[in-house]
Amino acid sequence: MWRPHAPATGPTRSIAPSPVRGGALHGIPIALKDNMVARGLTTTAGSRILEGYQSPYDATVVERLEGAGAIIVGTTRCDEFAMGSSTENCAHGPAHNPWDVTRTPGGSSGGAAAAVAAGLVPLALGSDTGGSIRQPASLCGVVGVKPTYGRVSRYGLMAFASSLDQIGPMARTTREAAQVLEVISGHDPRDSTSARQPVPRFTESLTGDVKHLKIGVPRHLMTADVDPEVQDAFDAALAVARSLGAEVCDIELPHAAHGIAVYYLIATAEASANLARYDGVRYGRRADDATTLADMYERSRHDGFGAEVKRRIMLGTYVLSAGYYDAYYLKAQRVRTLIARDYTRALESVDVIALPTSPGAAFSLGERVDNPLQMYLADVFTVGANLSGLPGVSVPCGFTDSGLPIGLQFIARAWEEATMLRVADAYETATPWRERAPVLTP
Ligand code: GLN
């Protein structure tokens, strides 16, 4: 049996026109991933354990968006606590890909990507811990930006893996994503990892000029697992970049192939600590037929968390436990440093790194649910930016023969989103991909 806590009382969020006139986003509707809080909205992180949860406060990104005149219209589906790549780990059911509703929109910010791709909203915010903005953007044919770690406040974002999580925009175009990034970026004293970096006018850097800009390609990472259609689209995109005057060269990221192993140790370790707060006492729902406190914790967590979240809590607790800490967690931290160093060194000789966002286009719903390892391995190109704290963007770069979008990723130096967005925008405006929209049939 479940008993909901009394919802927090606060003003109901209004979707009337914003009173902030002249703001950069005046009157523009925007959707949130269901793991960032706004007063008057229910935020569940796709979990039964937070069923009916209403926050008594606004996330900093919500304050900033509304301060710029935007209208928060609602929340979008995501994998439970952002753990997943397909939204199939959402307790309320998955989101569907508007290009083919039998397929996943990707995840974990799949609902946000699907909503933008389907034209339900022009803009959405997602969160990216290991690719959760960029991969769904890629699978839905929209633009998704993972900013530098510390660029955007995480205050009001339900924590998954705190050293990796970043909030970022999803939009139809790089320019629109840049506009939102400008609004939500900047120091916030309520997030101790938020940086005091000045926020450039990202939109002003979108000049279309990429002459002599150096793009590094870690070809050694592109193994047989990359779908040939994705590989072809990627190679064709590099040819476009060259035709715009950019220089393309091969680079080496010697430790990057260990990214998946490192990510799934560190992310689960942090998740096991972060999710300890969901104990049936302070948030969401509580099992009320328990006889002791320990029984109440156990039942609330047993019934409240889904299978993937439980798997990760157990894995994370295991790698942090005495006797295994050194062998797994500590070692993963060391390899994380090596991976971050590889990216930083490579970015001393090139301006951006290019990779496919995902090794394949959208897969069918249900296809990978019984194979978590296969699901994890598809994060191979995205986890590097999180492990090294660097900014990454996914921009549409073509379609498969069956009409599914393919994404191209650029990763830049820390705090150089402006350069990264300049390349993405130059590529996007030189190609026709954004003109296609999914046909929505009932
Ligand atoms: N797919 C990755 C995971 O399941 C990334 C998730 C994310 O970025 N939130 O952990």
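Per this note's numbering, the very first residue in the sequence shown carries number 10; after that it's consecutive. Note that CB positions come from ideal geometry on N, CA and C, so glycine has one too.
Does the contact criterion of 3 or more C-beta pairs under 8 Å hold for the stretch 372 to 387 versus the stretch 328 to 343? no
Run through DSSP, which three-state label would V29 get? Counting from 1 along the sequence shown, the entry for residue 29 is found at position 20. Coil at V29, not helix or strand.
Does the beta-carbon of D137, which I'm using as the reference point, lie nearer than 8 Å to any heavy atom of ligand 1? Counted from its first residue, the sequence shown places residue 137 at position 128. Checking every heavy atom of ligand 1 against the Cβ of D137, one is found closer than 8 Å.
With distances taken between CB atoms, is the gap from T277 to R343 smaller than 9 Å? Residue 277 sits at position 268 when you count from the first residue of the sequence shown. Residue 343 sits at position 334 when you count from the first residue of the sequence shown. For T277 and R343, no; Cβs fall outside 9 Å.
Taking 8 Å as the cut-off, does the stretch 285 to 299 touch the stretch 249 to 258 (at least 3 CB pairs, one atom from each stretch)? no
S94 Cβ short of 8 Å to ligand 1 heavy atom set: As a working note, residue 94 is residue 85 in the sequence shown. True, at least one ligand heavy atom lies under 8 Å from that Cβ.
From which residue to which residue does the alpha helix (DSSP H) around K319 run? As a first step, residue 319 must be located in the sequence shown, where it is residue number 310. That run of the alpha helix (DSSP H) goes A316 to L329.
Please report the straight-line C-alpha distance between V82 and T69, rounded to a whole angstrom. Residue mapping note: residue 82 aligns to position 73 of the sequence shown, counting from 1. Residue mapping note: residue 69 aligns to position 60 of the sequence shown, counting from 1. Whole-angstrom Cα-Cα distance: 16 Å.
Hey, P368 and V392 are a contact pair by Cβ (cut 8 Å); roughly how many whole angstroms apart? If you number the sequence shown from 1, residue 368 lands on position 359. If you number the sequence shown from 1, residue 392 lands on position 383. About 13 Å; that fails the 8 Å criterion.
If you pair each beta-carbon of the stretch 97 to 109 with each one of the stretch 152 to 169, do three or more pairs fall below 8 Å? no
Using 8 Å as the cut-off, classify the Cβ of N283 as near or not near the heavy atoms of ligand 1, replying yes or no. Walking along the sequence shown from the start, residue 283 turns up at place 274. Not under cutoff, so the answer is no.
Which word fits S194, buried or exposed, when buried means at least 16 other C-beta atoms lie within 10 angstroms of its C-beta? Locating residue 194 in the sequence shown gives position 185, where the first residue counts as 1. When all chains shown are included, S194 counts as buried.
Within 8 Å, do at least three Cβ pairs link the stretch 344 to 358 to the stretch 86 to 95? no
Are Y272 and G139 close, meaning C-beta to C-beta below 9 Å? Stepping through the sequence shown from its first residue, residue 272 is reached at position 263. Stepping through the sequence shown from its first residue, residue 139 is reached at position 130. Taking 9 Å as the Cβ cut-off, Y272 and G139 qualify as a contacting pair.
If we ignore side chains and look at the alpha-carbon of each, how far apart do R205 and R431 end up? Residue numbering aside, residue 205 sits at position 196 when the sequence shown is read from its first letter. Residue numbering aside, residue 431 sits at position 422 when the sequence shown is read from its first letter. Going by the C-alpha atoms only, they are around 23 Å apart.
Less than 8 Å between the CB of Q418 and some heavy atom of ligand 1, yes or no? Here residue 418 is taken as the residue at index 409 of the sequence shown, counted from 1. No; taking the cut-off as 8 Å, the Cβ of Q418 has no heavy atom of ligand 1 nearer than that.
Is Y158 closer than 9 Å to G199 when the C-beta atoms are compared? By one-based count along the sequence shown, residue 199 stands at place 190. By one-based count along the sequence shown, residue 158 stands at place 149. According to the sequence shown, residue 199 is Arg rather than Gly. In this structure, Y158 does not lie closer than 9 Å to R199 by Cβ.
Counting Cβ pairs, one atom from each stretch, are 3 or more of them under 8 Å apart for the stretch 130 to 138 and the stretch 39 to 48? yes
Is it right to say N380 is buried, meaning 16 or more other beta carbons lie within 10 angstroms of its own, or is it exposed? As a working note, residue 380 is residue 371 in the sequence shown. N380 is exposed by the Cβ-count criterion.
Is the number of C-beta pairs between the stretch 105 to 115 and the stretch 56 to 69 that are closer than 8 Å three or more? no
Is M384 near ligand 1, going by C-beta to nearest heavy atom under 8 Å? Translated into the one-based positions of the sequence shown, residue 384 becomes position 375. True, at least one ligand heavy atom lies under 8 Å from that Cβ.
Rounded to the nearest angstrom, what separates V208 and L302 at their Cα positions? Within the sequence shown, numbered from 1, the residue matching residue 208 stands at position 199. Within the sequence shown, numbered from 1, the residue matching residue 302 stands at position 293. Rounded to whole angstroms, V208 to L302 spans 48 Å at the Cα level.
Distance, R48 Cα to E75 Cα: For the purposes of this step, residue 75 is identified with residue 66 of the sequence shown, where counting begins at 1. For the purposes of this step, residue 48 is identified with residue 39 of the sequence shown, where counting begins at 1. Taking the straight line from one Cα to the other gives about 12 Å.
C-beta atoms of E426 and F211 nearer than 9 Å: For the purposes of this step, residue 426 is taken as the residue at position 417 of the sequence shown. For the purposes of this step, residue 211 is taken as the residue at position 202 of the sequence shown. The answer is yes: Cβ separation under 9 Å.
C-alpha distance - H229 paired with H264, whole-angstrom precision: In the sequence shown, counting from the first residue as 1, residue 229 sits at position 220. In the sequence shown, counting from the first residue as 1, residue 264 sits at position 255. Each residue's Cα considered, the two are about 11 Å apart.
Thinking A242 and I415 are a contact (beta carbons under 8 Å), I'd like their distance in whole angstroms, please. Mapped onto the sequence shown, residue 242 falls at position 233. Mapped onto the sequence shown, residue 415 falls at position 406. Indeed they touch by this definition, with Cβ atoms about 4 Å apart.
Grab the span of the alpha helix (DSSP H) containing P381 for me, first residue to last. If you number the sequence shown from 1, residue 381 lands on position 372. Per DSSP, P381 belongs to the alpha helix (DSSP H) from P381 to L386.
To the nearest whole angstrom, what separates the beta carbons of T438 and V361, a pair I think is in contact under 8 Å? Walking along the sequence shown from the start, residue 438 turns up at place 429. Walking along the sequence shown from the start, residue 361 turns up at place 352. With 8 Å as the limit, T438 and V361 do not qualify as a contact, their Cβ atoms being about 17 Å apart.
Only counting the same chain, and skipping five residues up and downstream in sequence, which positions put a Cβ closer than 8 Å to that of A33? Walking along the sequence shown from the start, residue 33 turns up at place 24. So the list reads A77, G78, Q188, E191 and V192, once near-sequence residues are dropped.
Helix or strand or just coil, what does DSSP make of P8? A question about residue 8 goes unanswered here, because the residues of the chain that appear run from 10 up to 451.
Is it the case that the Cβ atoms of D410 and L215 are separated by a distance below 9 Å? Reading the sequence shown from its first residue, position 401 is the one you call residue 410. Reading the sequence shown from its first residue, position 206 is the one you call residue 215. Their beta carbons are not under 9 Å apart, which means D410 does not touch L215 by this criterion.
Inter-stretch contact at 8 Å, needing at least 3 Cβ pairs: the stretch 230 to 237 / the stretch 395 to 403: no
Measure how close the beta-carbons of L386 and Y352 come, nearest whole angstrom, since I'm counting them as under 8 Å. Taking the first residue of the sequence shown as 1, we reach residue 386 at position 377. Taking the first residue of the sequence shown as 1, we reach residue 352 at position 343. Wrong, their Cβ atoms sit about 20 Å apart, outside the cutoff.
Start-to-end residues for the beta strand (DSSP E) that takes in G83: Sequence index remark: in the sequence shown, residue 83 carries index 74 (1-based). Where G83 is concerned, the enclosing beta strand (DSSP E) stretches over I80 to T85.
Buried or exposed: where does P65 fall if 16 or more other Cβ atoms within 10 Å of its Cβ makes it buried? Residue numbering aside, residue 65 sits at position 56 when the sequence shown is read from its first letter. Burial call: exposed.
First through last residue of the beta strand (DSSP E) which encompasses V235: By one-based count along the sequence shown, residue 235 stands at place 226. Premise fails: V235 is in no beta strand (DSSP E) and is neither H nor E.
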